[in-house]
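5 is the number of the first residue of the sequence shown in the working numbering; add one for each residue after it. Glycine included, C-beta positions come from ideal geometry on N, C-alpha and C. A quick write-up on the structure given underneath.
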Amino acid sequence: MGDQFDEFSTAEDDEELPELITQRDEIGLVHAIVVKERSSAKQKQLFVNFQGKADEHPCLLLGDMPVQWSSTYVMLNRAEKLQEYIEPFLHTIAGEEKDHKKRLKLGDFILTKKEWNRVSLFLELLTCAKNAQQAFSTDQGPTLHFAIPALEALHSGWSKCHEQARYKDFVPALDAALQKIKDYYDKTAASQKAAYLHKHWSKELMDQALAQAEETYKVHYIEVYSSATALPPKFQQLAHVSKIKTLLCKLSDLEDEIMSTQTQ
């Protein structure tokens, strides 16, 4: 009997293949692999078995969700870390598949080296968004004041990536992302909201409203944290190293990595 896997190429054949006219959807491919791996207890166990003794804590792939922040990052990050087990897993389930068309389709799920490289680049871009989102996400206190600096840092990071040749495949997506950030940023313009109040409210009424807002916030803060002077633990840390500074440092590290790659 001949090799049942000769019907489709592997990632190692990538260098011998001609350049494709159209580019495949790597996110869609990874998503399809995750769905296949998590489709049954048997498939999950098979994927774990491939990790064997190489990892004391074998992992399953993780799927993305439309309503969960950073879920695409989580899915791609896990897949990239476990990519060495994905191809043999697909080979095995394809070999067990009796239907010829389905067997070929499983072979098409295998990502080439170039496609995995694009996954890595996309993860770099998503890391900027994940860090920005984490900068104003906590259940231990108000973080809305981090929103504008986080948007500015994210816009700055993606703008720098936009100019780098290594991200040329992502330029249309970056254009859309930068415009979306601008749309949200424009909504924060104080003049748009304050104009109506200044026009229709007296200065005395404005001062009263501001004083009442501050008092309401103070009462709520004391109710939550029991003391007007005690900061929650997470904010004690932020007094020394803010999340925004951390985000900017990470963006700076990404920029340094980009520049280093260009000079090689």
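Collapsing the DSSP output to three states places Thr192 in coil.
Excluding sequence positions up to five before and after Gln87, its CB lies within less than 7 angstroms of the CB of Trp120, all in the same chain and listed in chain order. Here the alpha carbon of Ala215 sits roughly 55 angstroms from the alpha carbon of Ala36. A contact is defined here as three or more CB-CB pairs under 8 angstroms, and the segment 70-81 meets this definition with respect to the segment 129-136.
The alpha-carbon of Tyr189 is positioned some 12 angstroms away from that of Ala181. At the C-beta level, Ala83 and Val34 come within 7 angstroms of one another. In the three-state reduction of the DSSP assignment, Lys48 falls in the helix class, which pools H, G and I.
Nearest C-alpha to Gln27 among Leu94, Val38 and Lys172: Lys172. Taking the Cα positions, Leu65 is about 31 angstroms away from Gln168.
Rounded to whole angstroms, the separation of the alpha carbons of Lys40 and Glu100 is 14 angstroms. Within the same chain, Cβ atoms closer than 7 angstroms to the Cβ of Leu201 are found at Met210, the five residues on either side in sequence being excluded. Taking all protein chains in view, the Cβ of Cys63 is surrounded by fewer than 16 other Cβ atoms within 10 Å, so the residue is classified as exposed. Straight through space, the alpha carbons of Leu158 and Ala136 are spaced by roughly 6 angstroms.
Just measuring C-alpha positions, the residue of Phe113, Trp73 and Gln55 sitting nearest Asp29 is Phe113.
Cβ-Cβ distances below 6 angstroms link Phe51 to Glu41 and Phe93 in the same chain, with the five nearest sequence neighbours on each side left out; the list follows chain order. For Lys85, the enclosing alpha helix (DSSP H) stretches over residues Ser75 to Lys85. Taking a contact as a CB-CB distance under 8 angstroms, the pair Tyr89 and Gln55 counts as one, their CB atoms being some 6 angstroms apart. Within the segment 130-171, the alpha helix (DSSP H) runs of at least 4 residues that lie entirely inside it are, in chain order, 151-166. Take the alpha-carbon of Lys117 and the one of Gln138: they are about 31 angstroms apart. Here the alpha carbons of His166 and Pro176 stand approximately 9 angstroms from one another. Cβ contact annotation for Gln47 (same chain, cutoff 6 angstroms, sequence separation greater than five): Glu41, in chain order.
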